[in-house]
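Asker: In our numbering, the protein residues as written are 112 to 564.
Don't be surprised by glycine CBs; every beta carbon is placed ideally from N, CA and C.
Note that the structure is a prediction, hence the values are computed from the model and not measured.
Have a look at this one.
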Ligand code: NDP
Ligand code: 2IT
């Protein structure tokens, strides 16, 4: 089997040798689905795997804008429309200096299977820019977003492609993007999700990724006859996903003891309670400050600067029961994973996309801990985006309770589908295979039905 995987990957790598993140994401899926394809000769003959690794299209464009000093700035914008077999393209926009085609292709590729797992009719896409929002004024962010939309608007629409937030894109950016799309197209439509509540947004969408990751963990705990009550959690990141992960953990009687940003992490052994979380949210969302300030504000909290080039991240060496990597890709390497397992972490749920390196994934699977890969564990965000699309299409607004009940049901279904596929095709504890196979089969069969396109 590994020869078949290696041969397939050699062909993918030949086309895109300089896209390491994309190749990493593809290999993981190919390793999971290759044995299944051997039992599905029709899908094999139709070359579904060869087709699914090629995006429907990848759009790249110039974004020129003028900063507050009057200087012209030039950024690169992208939208990778990966697959529309089961619905309109759907996936976030990332604004971060590291953004390039490899990163957006890995994200768009994973989005295909994640979106299929949500049970909603949404295809896979991702986009963004190497624009760095750090240190930019609101006006600069608005000008950037408007110029980004000056090109993007041609390719998106409520029935074509519906972008949303990701790193560096939250309510503020979605507002600027939506306002400018409406200006250009003269159409008030559900073209973006994560909108404000007064103009077509859904309750619970801001909370959904973090809440969903915790609901998913609850399902993994139930499968072991356990609950999250009284458990201690490591959370990385301090943005949208991390914040609402902590909120839901608190509501369920668990305790988060860490938060981080790209400079370092805080360790708060007493736990990030409601009041401290409110402080952290204001710090990150309003003041747009650094997480280090949290350690200066509250007693008994330590701050550790993290060197991204070091061979491990000390955050993952803090003792706990649960871990929620919720910052960025490849933030947990093999050594970090070993530290987590050694310290007794038995549940890992990925709020971020592909936060664990392949070596780290192997450590979790070999240790047979409960490990929820990003495509499954963080699917609550995009699932609730799909609920926002449904409300927009109906000109309706559901209550908080309705959306939350839907989200919980969807996370239960995702866990169930991944666990069933793992049992049927792989090993019962292997939710990586389970999520990849369950997501893949739905899309693959849809592509097969629709002919060679
Ligand atoms: P935010 O922009 O709100 O927060 C990102 C957080 O991660 C910040 O604390 C940021 O620190 C940190 N971070 C970003 N890049 C790096 C890096 N290269 N190294 C270390 N830390 C970094 O983004 P989100 O919370 O929305 O996204 C976090 C993760 O969750 C991403 O992987 C995203 O793809 C994924 N995700 C998001 C969903 C959503 O609905 N928003 C849905 C599903 C997955 P700093 O402030 O220093 O940059
Ligand atoms: O990675 C993701 O699933 C997201 N950033 C959310 C995408 C969406 O369309 O809500």
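If residue 412 and residue 406 are in contact, beta carbons under 8 Å, what's the gap, nearest whole angstrom?
Answerer: In this structure residue 412 is in contact with residue 406, their Cβ atoms being roughly 4 Å apart against a cut-off of 8 Å.
Asker: What's the C-alpha gap between residue 179 and residue 522?
Answerer: 44 Å
Asker: Which residue wins for smallest C-alpha separation from residue 433, given the options 368, 351, 291, 336?
Answerer: 368
Asker: DSSP three-state call for residue 199: helix, strand or coil?
Answerer: Of the three classes helix, strand and coil, the one that applies to residue 199 here is coil, per DSSP.
Asker: Helix or strand or just coil, what does DSSP make of residue 206?
Answerer: In the three-state reduction of the DSSP assignment, residue 206 falls in the strand class.
Asker: Is the beta carbon of residue 215 less than 8 Å from the beta carbon of residue 189?
Answerer: yes
Asker: Given 7 Å as the limit, tell me if residue 240 has its C-beta closer than that to any heavy atom belonging to the ligand NDP.
Answerer: no
Asker: Using 8 Å as the Cβ pair cut-off and three pairs as the minimum, do the stretch 461 to 475 and the stretch 361 to 376 touch?
Answerer: no
Asker: Quick check: residue 514 and residue 315, are their CB atoms within less than 8 Å of each other?
Answerer: yes
Asker: State yes or no: is the C-beta of residue 304 nearer than 7 Å to some heavy atom of the ligand 2IT?
Answerer: yes
Asker: Can you list, in chain order, the residues of its chain with a C-beta nearer than 6 Å to that of residue 291? Leave out the 5 residues immediately preceding and following it.
Answerer: 257, 260
Asker: Buried or exposed: which applies to residue 386, given that a residue is buried once 16 or more other Cβ atoms fall within 10 Å of its Cβ?
Answerer: exposed
Asker: What span of residues does the alpha helix (DSSP H) with residue 291 cover, start to end?
Answerer: 282 to 296
Asker: List the whole-angstrom C-beta distance separating residue 201 from residue 233, where the pair is believed to meet the contact cut-off of C-beta under 8 Å.
Answerer: 4 Å
Asker: Taking DSSP as the reference, what is the three-state secondary structure of residue 170?
Answerer: strand
Asker: Which residues mark the beginning and the end of the beta strand (DSSP E) in which residue 234 is found?
Answerer: 234 to 240
Asker: Using CA atoms only, rank isn't needed, just tell me which of 118, 146, 122, 301 is closest to residue 537.
Answerer: 146
Asker: Quick test of the definition: if touching needs 3 or more C-beta pairs under 8 Å, does the stretch 434 to 441 touch the stretch 349 to 362?
Answerer: yes
Asker: Is residue 216 near the ligand 2IT, judged by its Cβ being under 7 Å from some heavy atom?
Answerer: no
Asker: Between 377, 305, 123, 424, which has its C-alpha nearest residue 404's C-alpha?
Answerer: 377
Asker: According to DSSP, is residue 557 part of a helix, a strand, or is it coil?
Answerer: helix
Asker: Beta strand (DSSP E) containing residue 514: first to last residue?
Answerer: Per DSSP, residue 514 belongs to no beta strand (DSSP E); it is in the alpha helix (DSSP H), 511 to 536.
Asker: Would residue 455 and residue 323 be called neighbours here (beta carbons separated by less than 8 Å)?
Answerer: no
Asker: Quick one: is residue 205 buried, meaning 16 or more other Cβ sit within 10 Å of its Cβ, or exposed?
Answerer: With a threshold of 16 other beta carbon atoms within 10 Å, residue 205 meets it and is buried.
Asker: May I have the straight-line CA-CA distance separating residue 311 from residue 186, to the nearest angstrom?
Answerer: The straight-line gap from Cα to Cα measures roughly 29 Å.
Asker: Just verifying my parser: in three-state terms, what is the DSSP assignment at residue 299?
Answerer: coil
Asker: May I ask you to check if the CB of residue 517 is nearer than 7 Å to at least one heavy atom of the ligand 2IT?
Answerer: no
Asker: With distance defined between alpha-carbon atoms, name the residue in 337, 326, 365 nearest to residue 381.
Answerer: 365
Asker: For the beta strand (DSSP E) that residue 323 lies in, which residues bound it at each end?
Answerer: Residue 323 -> not in any beta strand (DSSP E); alpha helix (DSSP H) instead, spanning 316 to 334.
Asker: Does the stretch 276 to 288 come close enough to the stretch 236 to 253 that 3 or more CB-CB pairs lie under 8 Å?
Answerer: yes
Asker: Please name the residue or residues paired with residue 482 in a DSSP beta bridge.
Answerer: The partner list for residue 482 (beta bridge, DSSP) reads 459.
Asker: Should residue 386 be listed as close to the ligand NDP, given that the test is whether its C-beta is under 7 Å from any heavy atom?
Answerer: Remark: the C-beta of residue 386 is outside contact range of the ligand NDP, defined as less than 7 Å to any heavy atom.
Asker: Residue 131 by DSSP, collapsed to three states: which one?
Answerer: helix
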